[in-house]
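Numbering (the working numbering), first residue to last: 3 to 256.
Virtual Cβ for every residue (Gly too), placed ideally from N, Cα, C.
What you are looking at is a predicted structure, and each value in this text was computed from that prediction instead of being measured.
Worksheet: the structure to be examined is printed underneath.
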Amino acid sequence: MSALLEVKNLCVNAEDKQILNGLSLSINPGEIHVIVGPNGAGKSTLSNVICGDPRYQVTSGSITFKGEDLLKQNVDERARNGIFLSFQSPVEIPGISMSTLMKYALNSHRKAKGLPELDAVSFSKLIRECAKKFEITNEMLKRPVNVGFSGGEKKRLESFQMAVLEPSFCILDEMDSGMDVDAVKIAANGVNLMRSPERSFLIISHNNDFLYEQIKPDVVHVLVSGNIVETSDASLLIDIKNNGFSRFLNKGMN
């Protein structure tokens, strides 16, 4: 099986400081991978580099996505090719409603795939179906993007966006942060509904219970000091919950 995403020996700097140190990672279609690790290990840096954040400089290594050199693509190209990032802190966009934003975003994706734009009736039906999965109301869709919403509502809205756009690779960075128990369940259910043999996920979180009990990932990676020091199945989350990261720290220093 060819990997959907292949990261090889990736080294990344930000503000003259090296953050990722030869990181390698391979994610196959249909797999859910989780990255855990202590604060400052480089988890969010990896997600931002995959999405093309210009604040980070790739000094060596490679990233391929669907067999193509991802580092040669700009941010728009990566998004159109099926990469979706759920932010730790979703930005507010005053003056444009969530419904309008998703209409333009979805039709842009369809155009890139050579598909016709959805008419108003078809689009309205689609977003109603997706909104229902995440308990998003019509009033929420009419309001400016993320303006005046709680942290949990913003995260649910991002899960809704993911469902509308149907990306092939979803990066969820702290998707459970700032959400109450019920909202976390809704978001996790959305991820599970979107599981498919063609779609993969990379999830970053500090909430081991959420990951183990509600997501049930295929692969878990421990990231320390800019490199992956251990990879295993979901049982690794229980080990970390009980024992912390202390036994991995020396590995990251080698």
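Original post:
Where does the unbroken alpha helix (DSSP H) through D184 begin, and where does it stop?
Top reply: 183-196
Subject >> Reduced DSSP secondary structure (H/G/I, E/B, other) of L117 >> reply: Three-state result, L117: coil.
**OP:** Identify every run of the alpha helix (DSSP H) within the region 118-165, keeping only runs that are complete inside it and at least 4 residues long; order them along the chain.
**Re:** If we require 4 residues or more, the alpha helix (DSSP H) runs fully inside the region 118-165 come out as 122-135, 140-144.
**OP:** Compare the Cα-Cα distances from I173 to each of L48, N210, H208 and report the closest residue.
**Re:** L48
Original post:
When we look at the beta-carbon of I98 and count the other beta-carbons within 10 Å, is it buried (16 or more) or exposed?
Top reply: exposed
**OP:** Throw me the rounded Cβ distance for the G39 and V226 pair, which I believe falls under 8 Å.
**Re:** 6 Å
**OP:** Would you be able to state if there are at least three C-beta pairs under 8 Å between the region 56-67 and the region 191-199?
**Re:** no
**OP:** Give me the Cα-Cα distance between I206 and Q90, rounded to the nearest whole angstrom.
**Re:** For the pair I206 and Q90, the Cα-to-Cα distance works out to about 10 Å.
**OP:** Enumerate, from N- to C-terminal direction, the unbroken alpha helix (DSSP H) stretches of 4 or more residues contained entirely within the region 38-100.
**Re:** 45-53, 77-82
**OP:** Kindly give me the distance between the Cβ atoms of G44 and I29, rounded to whole angstroms, as I take these residues to be in contact under 8 Å.
**Re:** Their Cβ separation, rounded to whole angstroms, is 17 Å, which puts G44 and I29 out of contact at 8 Å.
Subject >> Inter-stretch contact (C-beta, 8 Å, three-pair minimum) for the region 60-71 and the region 126-144 >> reply: no
Subject >> Own chain partners of I188 with C-beta closer than 7 Å, once the 5 adjacent residues on each side are dropped >> reply: F136, E137, R158
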